[in-house]
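Engineer: The structure that follows is given in the form of structure tokens.
Residue numbers (the working numbering): 33 to 269.
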């Protein structure tokens, strides 16, 4: 075998070795290092480089170079969507890059139970890790546009939000839902009822709810309050 042939053979073997090493690196780096569900925030203004560094610092990927190179290959560098993303065990780097470049953010649900006070709702949301704080109760109410008393202005329901939604936006949505439903009910009300405004209807409903949680008793208690109103008395327990 001539020296030229030996050089060609050596070059081929070297190329195969490099290809083999690259394949091993590729296979060993393709999956994220997650053993349990992990929530990761992509902040506004982040780049694939900063995300790769943060993932590496948290021990969630094996190679920053692989992550950034693969994101370039997928043409995802300029498609980042901020928000919170869930990384499950077995998630590949490809899947995660696809998530953060298409905006497949983590969603959450919040249930506001009927008959609870605004302080209860506020404390519930403040202690919910999926909801971001928006300041004090008074600050939130002022921002939404609600004056004291605050109770009665929120519609009890289960709401879906993106993980990391602000407490203010959760209560604002509940407030808007209450106003929408209240308008429908107010338009359909018995015109003989001694109620002068939707706000009085809210007060009446709140008083009834505070008196009893039993549906069978609510109509009786409502009757008591209606008689008081007809007699010119104020709405109070």
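Glycine included, C-beta positions come from ideal geometry on N, C-alpha and C.
Using a threshold of 8 Å, state whether the C-beta atoms of residue 106 and residue 132 are closer than that.
Structural biologist: Reading the chain shown from its first residue, position 74 is the one you call residue 106. Reading the chain shown from its first residue, position 100 is the one you call residue 132. No, these two residues do not count as a Cβ contact at 8 Å.
Engineer: For the putative contact between residue 92 and residue 119, defined by C-beta atoms under 8 Å, what is the C-beta separation to the nearest angstrom?
Structural biologist: In the chain shown, counting from the first residue as 1, residue 92 sits at position 60. In the chain shown, counting from the first residue as 1, residue 119 sits at position 87. Confirmed, about 7 Å.
Engineer: Helix, strand or coil, according to DSSP, for residue 143 in the structure here?
Structural biologist: Here residue 143 refers to the residue found at position 111 when the chain shown is read from its first residue. In this structure, residue 143 counts as strand in the three-state DSSP scheme.
Engineer: Going by C-alpha to C-alpha distance, which of 246, 96 and 135 sits closest to residue 110?
Structural biologist: The count along the chain shown starts at 1 and reaches residue 110 at position 78. Answer by Cα proximity: 135.
Engineer: Report, in whole angstroms, the separation of the C-beta atoms of residue 166 and residue 198, which I expect to be a contact under 8 Å.
Structural biologist: By 1-based counting over the chain shown, the position of residue 166 is 134. By 1-based counting over the chain shown, the position of residue 198 is 166. About 5 Å separates the two Cβ atoms, so the contact holds.
Engineer: Considering residue 206, what are the terminal residues of the alpha helix (DSSP H) in which it resides?
Structural biologist: As a working note, residue 206 is residue 174 in the chain shown. Unbroken alpha helix (DSSP H) run through residue 206: 199 to 219.
Engineer: I believe residue 181 touches residue 145 by the beta-carbon criterion, under 8 Å. Please report the beta-carbon distance rounded to the nearest angstrom.
Structural biologist: Mapped onto the chain shown, residue 181 falls at position 149. Mapped onto the chain shown, residue 145 falls at position 113. The pair is not a contact, with the Cβ atoms about 19 Å apart (cut-off 8 Å).
Engineer: Using three-state DSSP, classify residue 122 as helix, strand or coil.
Structural biologist: For this step, residue 122 is matched to residue 90 along the chain shown. Coil.
Engineer: Which partner residues of residue 191 appear in the DSSP bridge assignment?
Structural biologist: Position 159 of the chain shown, counted from the first residue, corresponds to residue 191. Paired residues: 142.
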